[in-house]
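Residue numbers (UniProt numbering): 1 to 1274.
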């Protein structure tokens, strides 16, 4: 760019030189003009003489020649004029690039200023500032490129101007030459030409040249300005280049910082992963806890108890219902008092209430839904005769009915009485303040004026509201003294009701080659899981379930699944008996009505493949009536829950109590009708067409998030000549009801929310539709009813032959108006509590349904349970890897020296070093002067550890408002501090949990804190505060169990060795702490493992460990002692297991109750001070032992005994004096090292952490001295 500017300067100087040359030539022309002026008189004379001479001579040809020369001179003058004009236009053209250069320079200068201001004044975060600078740099580079292109165009234009000026110069030169020739010719004509000819010629030349000079002068000024602008532009570009370089360096720095931040983010994410997994686990646990709480509430509500009251007992309950346009109430009571308040539902914040009371022995229903109270009496029956009486009340919109029947009466029940609510209100409001009172009204609840009594005397045997049972035992508040009734009406007790929220868990040992299951079920639900039998360790499973009313059996023996499905539907509400018989691969299934064995459906088939055994453990669960949410199932299983009744379950000829280990299960069988349906995939439900009569009322509630969709649709018969329909739909967020002729005239009424919002808001809306001969009306929630008049006989023309809910089958949409045919299956949401012809519709009797989930109310798909993948087996809990067998070693094959134990010297100890980690609260305490650390803290120490986490050092006050803490986190050192104005932390970039010594330095000041490892560059962070106010105690290695860890987030002692500790330059004497707990000396060199010095033992699982039928013990050991105890678990009787070393060989003892059985290793002595891997396995009555890959086993003479029934502590390395161990032969305590200790069962693996032992003596956890053995006999 600078070179181009210099070229432009050179061209500009050339233009100025050319302009000066033109000026000089103009002066010459002026001199010629003066000479012509002097020659003018003579020329006039000559012309006169010439005219006379021409007449007298033959000089006419010369005159013609002079005229031709004059014309030629005139043409040259025109050429000069045109050349000057062209030169001026090119000058103007050159001015445009100069102006462009000025503008570009100004833009570059402003961009440079902006970039400079941005780089200096930006307060953005480094990452964002780097991005802004990169963008600004890119923009400056683009501007610089445009300036470069403009400069190139300017150079080209200047060169063109230069060439044009050259043409002008040549033209002027040619003009001068041409002027000389005519002058000579004129002089030759009588010594010159005529004066007038010279004047004309000179005037034309002078005017043209003066104009050219003026234009050149202007051009000169403009070029001078352009030169200054170019110079300024050059300076600006130079500064811009500097700024771009600076911006590039800043961008590189930002990129480096971003990469560092990304690296730190990755490290942080690695540290967060365990927390994320923990959070997910906690979330699942919370979900399970919530589910269990709901199940507990339902279980409590299902407890049957009759409440007795004597005017002073009032129980309050929280209603489990929502506001709705319908209510059902059922009570079972017995009383001798004629005046009672039996039931009350109301709130102090609304006028709505529902109550049942007695006057003069007669039952009355009293209610108010917002338009005034009403009363309905049942006059024909006095129930104050101490007989059990059932009271049923229903309210559908404005229509209310009441029926009363004594259960022990022989007479037929009296017909129900009916009434109508006043006013337009139709919804009974239930809010968070609503309360149900049984036995009267509590003092805290306002009693409505229409109610006469406020107390109850008698016995209440049961209550349900909106078909939901009110557990009389599960009250929220009680006032007065309440008792129980001696007896109450009981339902069938041999069956069990599953409410769809839980399951029953049983266990049974089954033969692998055959399965025998018998059960009876009764349900109205089309789908549900009856039984699920699976294995924790294999992919084998067996399930029985209902799918769309059909019974389906599925089982997989390992080589493919077999599915059998019944032809008939069995969700009819009557008892059916299922019998399953499986013999190897062949399955036999029969289904029949419990009271009609003649109607039997039989299915038979064989499973694919060659597998014929259903492999499972005796402890693998059998689920009945559902599954826990966390249990993974096979893909072939459709349902995870069941709503209905089950009884007489028999598995392998054993019966079970389904309440023993159950959730969501209660005794008795009361079938619950299906009142709701969720449509989430564009489906529909078709029910039997109702009879509408002369006047029809339809009630339902819905919730949806879709703006459009068909809710209800009814059609007349296809065979009639004129077909009619009734439809209720959402259309663009409004609710519509439409009645009319298919393809003809229709009448429509529309309801819109008064606030302009949509009904598709996901909340529940109650709808009432009235159709009679004259009008069609629609009411949504408590809004004003909308009506439209009908043509004469509008309703009588609609005799429904088909009725659909939530959508239509494909092909039926043509019967709707054209505008609705695109949304005939667009509804997504829930429809529930449909009332037709004055009765709630049971959707379990649906004629047909598709894409619908009955007995649920969802707005979106529920989270599916865990499904096991099909391409791999279920992963069992990892057992120790099986070890290859080896033949016993013969005595002659044992090398010399392998018959004696190694001699191991005492482990050497480090002076002035301490080992922490013998317990979770291992620590030392030192007394310091708090004022010495008030302004700054400097810590130095050396640490050796293999732990991931643990506390190294703490300074704090009693409330931990100010503190300095050094701890190990994920193998790295973290230093945290708080000087009273907020905590700050810094983590070392180097891990120190490699078992090697590391020198650690930590610094805390008023402005920063830092930590350094092994003299490397310290990692630091900023800190705010004035001073450190701490107590006089310094904790090293851990904290006492009484010390709070609320803010420091480190409760466990570090497992490792510490030495050379100094605080602000003063060394701490580790041999003289103020106090200490569970601190030992450090080994000079150590390795992974826990050291047993032969004087103590460890006690773990003091609450007891159950050995059972299967267990494996896995560990590694190193010892130079011939005898010692590894592990012992023993009951007070005889059941036990024991693992020990006897005479240099490992012995594994098991007693399942019939007698001790032992297996012993054979070969070289194992007390050679080298590491050996041991695996002892008990599987039912068999036992085996593996040492370093060599397997040993022995037959068990007591095969009938398979389980060691223990629930006792686990002892390692020995056991207390006075404690009996039935499977240990030696009392010698183990001396040596153990590591990687595990107790493994098929479904549970327990790692034995010695630092968490209930009792520990003579053991150094997590530190084992490196062996320094001497040859035997020395």
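Idealized CB from N, CA, C, for every residue including glycine.
- In the DSSP annotation of this structure, the continuous segment of the beta strand (DSSP E) that includes residue 364 starts and ends at 362-368.
- Around the CB of residue 600, fewer than 16 other CB atoms lie within 10 Å, so the residue is classed as exposed.
- Membership of residue 1167 in any beta strand (DSSP E) is not indicated, and neither H nor E is assigned to it by DSSP.
- Residue burial annotation: residue 806 is buried, with at least 16 other C-beta atoms found within 10 angstroms of its C-beta.
- Remark: C-beta atoms of residue 1056 and residue 916 approach each other more closely than 8 Å.
- Contact between the stretch 900-908 and the stretch 938-948 is absent: fewer than three C-beta pairs spanning the two stretches fall below 8 Å.
- A residue is called buried once 16 or more other Cβ atoms fall within 10 Å of its Cβ, and residue 596, having fewer, is exposed.
- Separation of residue 1191 and residue 1250 (C-alpha to C-alpha, rounded to the nearest whole angstrom) is 28 Å.
- For residue 249, the secondary structure class from DSSP, reduced to helix, strand or coil, is helix.
- Sixteen is the threshold: when 16 or more other Cβ atoms of the shown chains lie within 10 Å of the Cβ of residue 800, as they do, the residue is buried.
- In terms of Cα proximity to residue 374, the closest of 356, 1186, 914 is 356.
- Contact annotation: residue 1070 and residue 914 have beta-carbon atoms nearer than 8 Å.
- By the neighbour-count criterion, in which 16 or more other beta carbons inside 10 Å mark a residue as buried, residue 1199 falls on the exposed side.
- For residue 478, the enclosing beta strand (DSSP E) begins and ends at 477-479.
- Three or more pairs of CB atoms, one per stretch, sit closer than 8 Å, so the stretch 447-467 contacts the stretch 339-353.
- Nearest to residue 423 by C-alpha distance, out of 471, 449, 402, 368, is 368.
- The C-beta separation of residue 580 from residue 553 comes to about 7 Å, placing the pair in contact by the 8 Å criterion.
- Taking one beta carbon from each stretch, the stretch 1082-1099 and the stretch 1209-1218 have 3 or more pairs nearer than 8 Å; the two touch.
- Boundaries of the beta strand (DSSP E) around residue 579: 576-583.
- Burial check for residue 987: the Cβ neighbour count within 10 Å reaches 16 or more, so the residue is buried.
- Residue pairing by DSSP places residue 1078 opposite no residue, since no beta bridge is assigned to it.
- In chain order, 1137, 1157, 1178, 1183 place their CB closer than 6 Å to the CB of residue 1150, counting only its own chain and leaving out the 5 sequence neighbours on each side.
- Each of 1165, 1115, 1139 was checked against the Cα of residue 1236, and the nearest Cα belongs to 1115.
- Here DSSP, grouped into helix, strand and coil, assigns residue 773 to coil.
- The criterion of a C-beta distance shorter than 8 Å is not satisfied by residue 1032 and residue 1258.
- Counting C-beta pairs with one atom in each stretch, the stretch 989-1002 and the stretch 1039-1053 have fewer than three that are closer than 8 Å, which means they do not touch.
- Sequence-distant partners of residue 1113 (beyond 5 residues in either direction) whose C-beta falls short of 7 Å from its own C-beta, in its chain, are 1127, 1139, 1176, 1239.
- In the DSSP assignment, residue 615 falls outside any beta strand (DSSP E), carrying neither H nor E.
- Sequence-distant Cβ neighbours of residue 753 in its own chain, meaning closer than 7 Å and more than five residues away, are 759.
- CA-CA distance, residue 832 to residue 841, rounds to 9 Å.
- Between residue 1256 and residue 984, the alpha-carbon positions lie close to 37 Å from each other.
- The shortest CA-to-CA distance from residue 331 to any of 337, 404, 450 is the one to 404.
- Counting along the chain, the unbroken beta strand (DSSP E) around residue 1247 starts and ends at 1245-1247.
- Between the C-alpha atoms of residue 516 and residue 651 there is a straight-line separation of about 6 Å.
- Looking from the CA of residue 603, the closest CA among 556, 612, 578, 477 belongs to 578.
- For the set 1035, 990, 994, the Cα lying nearest the Cα of residue 1017 is the one of 990.
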